[in-house]
Amino acid sequence: WSLPLLALIGAGTGMALLALIAGRTSSDAAGGAGGGIALFTLAGLMIASLAGALTALAITLAPNPFALSEIVMWLNGALTDRSWREVMLAAPLVAAGIAVLMLAARSLDALTLGEDAARSMGLNPARLLVLLVIGVGLTVGAGVAVAGIIGFVGLVVPHLVRPLTDRLPSSLIGPSALAGACLVLAADSIVRVLPLVTELRLGIALSLIGAPFFGWLLIRMRRGRL
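Following this line, the structure appears as structure tokens:
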């Protein structure tokens with residue numbers, strides 16, 4: 070239990086810091102400073118960079134090879150050896166996060182028109198960003214805590230689901246969650262049966278596939294096809 074619990078504590082700390090920054094940057098933008106979303110994004114990158122540095126420090130200071138191997142395995146992400154105990158640990162947090170995101174869904178639709186337009190409709194961008202940080206932090210933090218880092222699912226899946234919906238953010242939350250779960254389960258089933266000397270970690274496999282696919286999506290978006 071120590072690894073997922075400490076991961077949840079780390080996720081909560083990062084979530085609280087980002088929520089605080091989200092409120093301040095949106096308040097500054099409302100006061101004329103502008104660039105609230107850009108500042109919020111840069112703050113997220115800063116926190117991610119700090120977390121990466123702390124992770125590298127933990128690897129460097131690992132007390133023995135077994136601890137180092139455990140850290141590296143968790144960083145690569147996998148569903149191997151996970152049981153209902155991990156599910157019971159993550160499920161309440163994931164459910165709470167989804168509830169928060171659904172609460173903010175309609176407001177998120179308004180935010181796609183821009184912060185100024187959203188304010189003219191009575192929306193408080195600072196409050197919305199805080200809700201989004203809490204919702205995403207709970208769901209992603211719980212998932213990463215029990216399964217490790219499995220990248221590109223959240224970047225690729227919404228683009229695959231969008232043509233099947235009305236393209237509004239509120240319509241993507243539920244289908245994206247279900248499609249993402251199906252993708253992870255399918256990929257995990259495939260990597261388990263690959264004829265390799267050692268089992269390929271799920272996080273590595275999805276990153277190898279997801280990175281070029283996301284690059285292709287960016288090219289299509291640049292050409293105006295998405």
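Heads up, the sequence shown is in my numbering, so the first residue is 70 and it goes up one at a time. Note that the Cβ used here is the ideal one computed from N, Cα and C, for glycine as well. None of the values given here were measured: they were computed from a predicted structure.
Which of helix, strand or coil does DSSP assign to D185?
Here residue 185 is taken as the residue at index 116 of the sequence shown, counted from 1. Of the three classes helix, strand and coil, the one that applies to D185 here is helix, per DSSP.
Is the beta carbon of A173 closer than 8 Å to that of L197?
The residue labelled residue 197 in the question sits at position 128 within the sequence shown. The residue labelled residue 173 in the question sits at position 104 within the sequence shown. The Cβ-Cβ distance between L197 and A173 falls below 8 Å.
Which value, in whole angstroms, describes the spacing of the CA atoms of F283 and G220?
If you number the sequence shown from 1, residue 283 lands on position 214. If you number the sequence shown from 1, residue 220 lands on position 151. Each residue's alpha carbon lies about 11 Å from the other.
Along the chain, which unbroken stretches of the beta strand (DSSP E) at least 3 residues long are found entirely within the stretch 223 to 249?
List check, beta strand (DSSP E) in window: nothing returned.
Examine the Cβ distances between the stretch 212 to 228 and the stretch 243 to 256 and report whether three or more of them are shorter than 8 Å.
They touch, by the three-pair rule.
Three-state class that DSSP yields for R292 in the structure shown:
As a position in the sequence shown, residue 292 is number 223, starting the count at 1. Here R292 sits in coil by DSSP.
Please work out which residues of its chain come closer than 8 Å, Cβ to Cβ, to G141, disregarding the five sequence neighbours upstream and downstream, and give them in chain order.
For the purposes of this step, residue 141 is taken as the residue at position 72 of the sequence shown. Note that residue 141 is Val in the sequence shown here, rather than Gly. Within the same chain, I128 come within 8 Å of V141 by CB-CB distance, once the 5 residues on both sides are set aside.
Indicate the three-state DSSP secondary structure (helix, strand or coil) for I259 in the structure shown.
For this step, residue 259 is matched to residue 190 along the sequence shown. Assigned with DSSP and collapsed to three states, I259 falls in helix.
Select from A179, V205, I203, G204 the residue whose C-alpha is nearest the C-alpha of N193.
As a first step, residue 193 is located in the sequence shown; it is residue number 124 there, counting from the start. Checked all of A179, V205, I203, G204; the closest Cα to N193 is A179.
Going by the beta-carbon positions, is the gap between A350 and V202 smaller than 8 Å?
Since the first residue of the chain shown is 70 and the last is 295, residue 350 is not available in this structure.
Please list the terminal residues of the continuous alpha helix (DSSP H) segment that includes R196.
On the sequence shown, residue 196 is found 127 positions in, with the first residue counted as 1. Looking at the DSSP string, the run of the alpha helix (DSSP H) that includes R196 is 194 to 216.
Measuring straight from C-alpha to C-alpha, what distance separates M190 and R175?
Along the sequence shown, one-based indexing puts residue 190 at 121. Along the sequence shown, one-based indexing puts residue 175 at 106. When rounded, the separation of the alpha-carbon atoms in M190 and R175 is 12 Å.
Beta-carbon within less than 7 Å of A256's beta-carbon, same chain only, minus the 5 sequence neighbours each way: which residues are those?
Sequence index remark: in the sequence shown, residue 256 carries index 187 (1-based). Sequence-distant Cβ neighbours of A256 in its own chain, meaning closer than 7 Å and more than five residues away, are L271, A274, L275.
Determine the direct distance from the alpha carbon of L200 to that of V156, and round the result to whole angstroms.
Stepping through the sequence shown from its first residue, residue 156 is reached at position 87. Stepping through the sequence shown from its first residue, residue 200 is reached at position 131. So the alpha carbons of these two residues sit roughly 24 Å apart.
In chain order, what residues of the same chain lie with their CB nearer than 7 Å to the CB of G146, ignoring the 5 residues before and after it?
Counting from one through the sequence shown, the residue named residue 146 turns up at place 77. The residues are A216, G217, I218, I219, R270, L271, G272.
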